[in-house]
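>
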Amino acid sequence: MTCPKELRSVPEPSFTEQKQIGHAMPPAAGRAWASSASWKILRATGILTGFSGVVLAATVARELVTASYFGRSDAVDAYLIAYVVPSFVVGIVAYSFNLALIPVFVEVRQREGPTAAQRLFSGAMVWSLGLLVAVVLLLAALGPWYLPLLGSGFTASKLLLTRHLLYVMLPLIALTGITSNGTAVLNAGERFALPGALPVLPPLAAFAFVILFGKSWSVYSLAAGTVVGTALQAAMLAWVARAHGIDLTPRWYGVDPKLRMVISQYLPMMAGALLLGTTDLVDQSMAAMLPGGSVAAFGYARKIVSVLVVVGALPLGAASLPYFSEMAAKGAWDACRHTLRTVGGVILLVTVPVTAGLVLFAHPLVRLLFERGAFTPHDTAVVSRVEAWLALQIPFYLLCILGLRVVSALKRNAVLTGIAAFTTTLNVVLNLLLMRVYGVAGIALSTSIVYFVCALLIFVAIYALIRRNQARAPAGAGI
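This note's numbering applies: residue 733 is where the sequence shown begins, and numbers increase by one.
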């Protein structure tokens, strides 16, 4: 994929021109630069989506072998509740840190050079890994107390299995912190291909472990394979980063103003992500209140939707944050608004037909993917209904991802806390109402409604922030 000729002909503005692009540059030049940024985001998203397709294939293979070996058994319920804990923490602690780090990293690299940016990144790695290790130890110690709340309908033996699986998978938190930090800083340098290919390792390793050890290790094979694959991903990413002149080794240089800026943005970002991230945690916990197999039914349906969401959401988030951070650092507010509209329009254009297909063909899709071995036609009927309602979230989830990156680039993460508090409360209320009528499918419908409301609120906040920044800096000065 190459950049259109008319965009290649637009010269990159100088730093002085970039700082005043919203005011001093001719409108046509500003629009052309914004179009170029939109094209770069979509091109990078396309590259990453291609690699995500490979990850998708590996993930589907893992889910097929899991369904064939374990069906909708109690072992799968236990695995999903155990896995949701590290995945929830990674989304809150690790990925939130990247959203706070990259805008500051890009600004420091622009103004002070790569050496200062590397110094910031090394110090941030120390801070991030220290926090993640502390969280791992805390979760291990408190497991006997919070797991009965997450698996409220589980028997004693099922809860014990859940706790053992949790202990196996807790290292995922620190390992994923390393991979997410390394991937983010490589993406900030417009290096997308190799970091985008490496996430294939965890599902491939899990697939291999189930095939090799599924009969003897049972569901532990799935947990162990995921951990081993993530460790391989972290090691390979460190090698790739070093080849591009980036050192992932943590080094402490003290808390300087730049690292203090990252931390000040991280705390509200984590608070907002904590509330937003509870959607999946709350959904699976409330599914555990329903008859046996409900957590597994929601999990299988979620796998279909989330695999497709991840193919779009992770590439979109990774590709958009560096470019929006650059526009925010240069005070290019009109370009930011134009790029947001363009990329948002493309998201809707692509995802609405995909969503319609998933809703209309939910039953044959679930039957094709899972109905074999221990997975029965009754399971297909239950899971397909959940999948149809859950698929409605896809356009709104991707718009939320795009909006979150823009808010992070604007360094206004505090606004997410209020939005997240409202949507979290809405999710619990809707779950309680809809699960009584539709069972586990009602939880899926609730999730889709919540992401629609979340996307609407985030975009309203973004346009208000951009207008405020333009009013405060009429001459186009940076943030």
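The beta-carbon is built from N, C-alpha and C at its ideal position, and this holds for glycine as well.
1. Excluding the five sequence neighbours on either side, which residues of its own chain have a C-beta within less than 8 Å of the C-beta of G961, listed in chain order?
2. Quick one: is R974 buried, meaning 16 or more other Cβ sit within 10 Å of its Cβ, or exposed?
3. Whole angstroms are fine: how far does the CA of R1168 sit from the CA of R899?
4. Using 10 angstroms around the beta-carbon of Y1055, count the other beta-carbons present and answer buried if the total reaches 16, otherwise exposed.
5. Please state if the CB of F853 and the CB of F829 are separated by a distance shorter than 8 Å.
6. For P931, collect the residues of the same chain with a Cβ closer than 7 Å to its Cβ; drop the 5 residues on either side in sequence, then sort them by chain order.
7. Could you check whether V1147 and A1187 sit closer than 8 Å to each other, using their CB atoms as the reference points?
8. Going by beta-carbon coordinates alone, are A955 and M901 separated by less than 8 Å?
9. Looking at the secondary structure, which residues open and close the alpha helix (DSSP H) in which N913 lies?
10. Is the beta carbon of L926 sitting closer than 8 Å to the one on A807?
11. Kindly indicate which residue of A799, D809, V797 and A793 has the alpha-carbon position closest to the one of Q1016.
12. Measuring CB to CB, does L1131 end up less than 8 Å from G1089?
13. Let's test the definition: count the other Cβ atoms within 10 Å of the Cβ of D1111 and tell me whether it reaches 16, buried, or not, exposed.
14. Tell me where the alpha helix (DSSP H) around H1095 begins and ends.
15. In this structure, does DSSP put I978 in helix, strand or coil?
16. Could you pull the start and end residues of the alpha helix (DSSP H) that R1144 belongs to?
17. Expressed to the nearest angstrom, what Euclidean distance is found between the alpha-carbon atoms of F1030 and A1094?
18. Nearest-angstrom Cα distance between S775 and L1092?
19. When the Cα atoms are used, what is the spatial distance from L1136 to I905?
20. Grab me the residues of L861's own chain with a C-beta within less than 8 Å of its C-beta, minus the 5 sequence neighbours each way, in chain order.
21. State the DSSP-derived secondary structure class of D1111, mapped to helix, strand or coil.
22. Taking only three categories from DSSP, how would you classify F696?
23. Is S1178 helix, strand or coil when you go by DSSP?
24. Can the beta-carbon of I1151 be found closer than 8 Å to that of V1037?
25. Ignore the nearest five residues each way along the sequence and tell me which others in F1191's own chain have a CB closer than 6 Å to its CB.
26. Return the residue from the list A1064, L1165, Y1170 and V1082 that minimises the CA-CA distance to V1138.
27. Between I995, L1164 and D979, which has its C-alpha nearest G986's C-alpha?
28. For A1196, count the other beta carbons within 10 Å of its own beta carbon; 16 or more makes it buried, fewer makes it exposed. Which is it?
29. Beta-carbon within less than 6 Å of A832's beta-carbon, same chain only, minus the 5 sequence neighbours each way: which residues are those?
30. Does the distance from the C-beta atom of L897 to that of V942 stay below 8 Å?
31. Whole angstroms is fine: what's the gap from P876's alpha carbon to L870's?
32. Taking V825 as the reference, give the member of P1085, S784, N913 and V917 with the closest Cα.
33. Need the endpoints of the alpha helix (DSSP H) that D806 sits in, please.
34. To the nearest angstrom, how far is the alpha carbon of R1106 from that of G778?
With the given structure in hand:
1. Indexing the sequence shown from 1 puts residue 961 at position 229. If we look at G961 and ignore the five residues flanking it on each side, its Cβ neighbours are L933, P934, P935, L936, A937 and A938.
2. Residue 974 sits at position 242 when you count from the first residue of the sequence shown. If you draw a 10 Å sphere on the C-beta of R974, you find fewer than 16 other C-beta atoms in it, and that means exposed.
3. As a position in the sequence shown, residue 899 is number 167, starting the count at 1. As a position in the sequence shown, residue 1168 is number 436, starting the count at 1. Per the sequence shown, the amino acid found at residue 899 is Tyr instead of Arg. Straight-line Cα distance between these residues: approximately 33 Å.
4. Position 323 of the sequence shown, counted from the start, is the residue given in the question as residue 1055. Counting other Cβ atoms within 10 Å of its Cβ, Y1055 reaches 16 or more and is therefore classed as buried.
5. Within the sequence shown, residue 829 is the residue found at index 97, counting from 1. Within the sequence shown, residue 853 is the residue found at index 121, counting from 1. Their beta carbons are not under 8 Å apart, which means F829 does not touch F853 by this criterion.
6. Your numbering for residue 931 matches position 199 in the sequence shown. Counting only Cβ-Cβ distances below 7 Å, and skipping sequence neighbours, we find V787 and Q965.
7. For the purposes of this step, residue 1187 is taken as residue 455 along the sequence shown, with counting starting at 1. For the purposes of this step, residue 1147 is taken as residue 415 along the sequence shown, with counting starting at 1. Taking C-beta atoms as the reference points, A1187 and V1147 fail to come closer than 8 Å.
8. If you number the sequence shown from 1, residue 955 lands on position 223. If you number the sequence shown from 1, residue 901 lands on position 169. Against a cut-off of 8 Å, the Cβ pair of M901 and A955 comes out as a contact.
9. Here residue 913 refers to the residue found at position 181 of the sequence shown. Element bounds for N913: L904 to A920.
10. Translated into the one-based positions of the sequence shown, residue 926 becomes position 194. Translated into the one-based positions of the sequence shown, residue 807 becomes position 75. Not in contact: L926 and A807 (Cβ atoms no closer than 8 Å).
11. Taking the first residue of the sequence shown as position 1, residue 1016 is located at position 284. Nearest C-alpha to Q1016 among A799, D809, V797 and A793: D809.
12. Reading the sequence shown from its first residue, position 399 is the one you call residue 1131. Reading the sequence shown from its first residue, position 357 is the one you call residue 1089. Cβ distance not < 8 Å, so L1131 and G1089 don't count as in contact.
13. Here residue 1111 corresponds to residue number 379 of the sequence shown, with the count starting at 1. So D1111 ends up on the buried side.
14. Taking the sequence shown and counting its residues from 1, one reaches residue 1095 at position 363. Note, H1095: alpha helix (DSSP H), A1094 to F1102.
15. Position 246 of the sequence shown holds residue 978. Three-state DSSP puts I978 in coil, outside helix and strand.
16. To locate residue 1144, count along the sequence shown from 1; it is residue 412. No alpha helix (DSSP H) holds R1144; DSSP gives it neither H nor E.
17. For the purposes of this step, residue 1030 is identified with residue 298 of the sequence shown, where counting begins at 1. For the purposes of this step, residue 1094 is identified with residue 362 of the sequence shown, where counting begins at 1. Computed Cα separation, rounded: 14 Å.
18. Translated into positions along the sequence shown, residue 775 becomes position 43. Translated into positions along the sequence shown, residue 1092 becomes position 360. Note that residue 775 is Arg in the sequence shown, not Ser. C-alpha of R775 to C-alpha of L1092: approximately 30 Å in a straight line.
19. Here residue 1136 refers to the residue found at position 404 when the sequence shown is read from its first residue. Here residue 905 refers to the residue found at position 173 when the sequence shown is read from its first residue. In this structure, the alpha-carbon of L1136 lies about 22 Å from that of I905.
20. Numbered from its first residue, the sequence shown carries residue 861 at position 129. Only residues of its own chain outside the window of five on either side were considered, and among them A906, G909, I910 and P982 have a CB closer than 8 Å to the CB of L861, listed in chain order.
21. Along the sequence shown, one-based indexing puts residue 1111 at 379. The answer is helix: DSSP assigns D1111 an H, G or I state.
22. Only positions 733 to 1211 of the chain appear in this structure, which leaves residue 696 out of reach.
23. Position 446 of the sequence shown holds residue 1178. Three-state DSSP puts S1178 in a helix.
24. Taking the first residue of the sequence shown as 1, we reach residue 1151 at position 419. Taking the first residue of the sequence shown as 1, we reach residue 1037 at position 305. Cβ atoms of I1151 and V1037: not closer than 8 Å.
25. Within the sequence shown, numbered from 1, the residue matching residue 1191 stands at position 459. Cβ neighbours of F1191 within its own chain (closer than 6 Å, five residues either side excluded): G1135.
26. Counted from its first residue, the sequence shown places residue 1138 at position 406. It is A1064 whose Cα lies nearest to the Cα of V1138.
27. Indexing the sequence shown from 1 puts residue 986 at position 254. Ranked by Cα distance from G986, the options I995, L1164 and D979 are led by I995.
28. Residue numbering aside, residue 1196 sits at position 464 when the sequence shown is read from its first letter. Taking all protein chains shown into account, A1196 has fewer than 16 neighbouring C-beta atoms within 10 Å of its C-beta and is therefore exposed.
29. Translated into the one-based positions of the sequence shown, residue 832 becomes position 100. So the list reads V994, Q997, Y998 and M1001, once near-sequence residues are dropped.
30. Within the sequence shown, the letter at position 165 stands for residue 897. Within the sequence shown, the letter at position 210 stands for residue 942. Not a contact, by the Cβ cut-off of 8 Å.
31. On the sequence shown, residue 876 is found 144 positions in, with the first residue counted as 1. On the sequence shown, residue 870 is found 138 positions in, with the first residue counted as 1. About 11 Å.
32. In the sequence shown, residue 825 corresponds to position 93, counting from 1. V825 has its Cα closest to that of N913, out of P1085, S784, N913 and V917.
33. Translated into the one-based positions of the sequence shown, residue 806 becomes position 74. In the DSSP assignment, D806 falls within the unbroken alpha helix (DSSP H) covering D806 to V821.
34. Along the sequence shown, read from residue 1 onward, the residue named residue 1106 stands at position 374. Along the sequence shown, read from residue 1 onward, the residue named residue 778 stands at position 46. Residue identity check: residue 1106 is Ala in the sequence provided, not Arg. Counting only the Cα atoms, G778 lies some 37 Å from A1106.
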